[in-house]
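Visitor: Take a look at the following structure, please.
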Amino acid sequence: MQDPRYEKLADVLVGHSTNVQTDENVLIEAIDIPDDMVIALIREIRERGGNPVVTLKRNRIQRELIRGGSDENIVLAGDYEAYRMKKMDAYIAIRGSLNIAEMSDVSTQAMNRYQNDWLKPVHFDIRVPDTKWVVLRWPTSSMAQQASSSTEAFETFYFDVCTLDYAKLATATLPLMERMDATDQVRIVGPGTDLSCSVKDIPCKGCAGERNIPDGECFTAPVRDSIEGTLRHNTPTLYHGVSFSDIELTFEKGKIVQATANNTEKLNQILDTDEGARYIGEFAIGFNPHIHRPMLDILFDEKIAGSFHFTPGQAYEDADNGNRSSVHWDMVSIQTPEFGGGEIYFDDELVRKDGLFVTDDLACLNPDQF
């Protein structure tokens, strides 16, 4: 018997997130997830008149393709998937993983080749700007372990978070979007952090289930050369299978001029991928009311209530500061009291303290409102 939660999630992804219409082509990219969930998506897309296309992938196989692929091999794979993506109106990706460190022993050179010649041409150049898309992970035992939870309890948490009333969240997000759109100077203060930048004239986008599930953030981008100060991240982050913690970044005229972490050498190798990797392509504030602790999964961690993230690398075209890179690495900091607290100021006005919005117009985004 199929789990009824699959149908509910499929309804959110197809109906709300990608809003599939008659005759639209929809690519389902399923990586290590149950067949029954793929079938639920196919049926939901067909019910709305869309045309489902499915690709099934496995992380172990993907690792081998990337690890030993020649330049010609990786370019061929990128060309093939780019051709297919150009024919799609929408994209739904659900990514399971039995081992979050599957890519940890793939060389930096091989990962850079994959990013430049496969990932970027297909996803950054076509999928992100030209399709309606949503991306999420699938709950597994290893994911529950990341969250320090039993498998059953984590599955309950997962489906509750992923089927949140995102329409209500979208309405609550509007005042923050208006605030950020009207802001010039942002200042962020916290333990080890005193950072300032401008976001003037760069659009702000609210996210309430249209791109990522789970969701709950507003993002923009800093003016590329405006960032000054130091940012100390208090949340572990996973990048291409490698875990990093205690990341501290120092900025001068927008550029990361010093970077340290538990693995400083690897951190700087990634930041040296290309020129844009040492500049910031995104600044976002997270506020999902059901997510409170990090679990080394960026789709969850970047939405933590009371968090923000700065992103070395590629800017999104709909909040564009001109930065271009094959890297896009969301680094999260949490400002709730449990994680040391902190403040965010817009044009010298305190808007969030210790993870809670303090102005009347933004209080609707605090967790007690959901």
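Sequential numbering from 31 applies to the sequence shown in our numbering.
Cβ atoms here follow ideal geometry from the backbone N, Cα and C, with glycine treated the same way.
What does a CB cutoff of less than 6 Å around proline 159 pick up in its chain, not counting 5 residues either side in sequence?
Guide: The residues are Glu347.
Visitor: When the Cα of aspartate 53 is compared with those of Asp119, Ser134, Ser363 and Leu329, which residue comes out closest?
Guide: Closest option to aspartate 53, Cα to Cα, is Asp119.
Visitor: Serine 356: buried (16+ other C-beta within 10 angstroms of its C-beta) or exposed?
Guide: With 16 or more Cβ atoms within 10 Å of its Cβ, serine 356 is classed as buried.
Visitor: For glutamate 373, name the three-state secondary structure that DSSP assigns.
Guide: It is a strand residue.
Visitor: Taking phenylalanine 189 as part of the alpha helix (DSSP H), name the residues at either end of that continuous run.
Guide: 181-192 is the extent of the alpha helix (DSSP H) around phenylalanine 189.
Visitor: Take leucine 189 and list the residues in its own chain whose beta-carbon comes closer than 6 Å to its own, dropping the five residues that flank it on each side.
Guide: It should be noted that the sequence gives phenylalanine, not leucine, for residue 189. Contacts found: Arg35.
Visitor: Can you tell me whether glutamine 288 is helix, strand or coil according to DSSP?
Guide: Three-state result, glutamine 288: strand.
Visitor: Can you give me the Cβ contacts of phenylalanine 154 inside the same chain, cut-off strictly under 7 Å, excluding the 5 residues immediately before and after it?
Guide: Around phenylalanine 154: Gln344.
Visitor: Could you give the first and the last residue of the continuous beta strand (DSSP E) run that contains methionine 361?
Guide: 361-364 is the span of the beta strand (DSSP E), which, as asked, contains methionine 361.
Visitor: Using alpha carbons as the reference points, say which of Ala291, Phe281, Asn129 and Val164 lies closest to histidine 263.
Guide: Checked all of Ala291, Phe281, Asn129 and Val164; the closest Cα to histidine 263 is Ala291.
Visitor: Determine the extent of the beta strand (DSSP E) in which asparagine 81 is found, giving its start and end residues.
Guide: Start and end: 81-87.
Visitor: If you reduce the DSSP assignment to three classes, tell me which class tryptophan 168 lands in.
Guide: Three-state DSSP puts tryptophan 168 in coil, outside helix and strand.
Visitor: Please classify aspartate 128 as buried or exposed, where buried requires at least 16 other C-beta atoms within 10 Å of its C-beta.
Guide: Note that residue 128 is leucine in the sequence shown, not aspartate. Counting Cβ neighbours within 10 Å, leucine 128 comes out exposed, since fewer than 16 surround it.
Visitor: If you draw a straight line from the C-alpha of glutamine 145 to the C-alpha of isoleucine 96, how long is it?
Guide: Approximately 10 Å between the Cα atoms of the pair.
Visitor: Find the nearest neighbour of proline 397 within the set Glu373, Met67, Thr366 and Asp224, judged by alpha-carbon distance.
Guide: If we check each option's Cα against that of proline 397, Thr366 comes out closest.
Visitor: Measure from the alpha carbon of valine 219 to the alpha carbon of each residue in Asp378, Ile374 and Thr161, then state which is nearest.
Guide: When only C-alpha atoms are compared, the closest one is Ile374.
Visitor: Since alanine 112 and valine 152 should fall inside the 8 Å C-beta cutoff, what is the C-beta to C-beta distance between them, to a whole number of angstroms?
Guide: That belief holds up - the Cβ atoms of alanine 112 and valine 152 are roughly 5 Å apart, short of 8 Å.
Visitor: DSSP has valine 272 in a bridge; who is on the other side?
Guide: Valine 272 is bridged to Tyr269.
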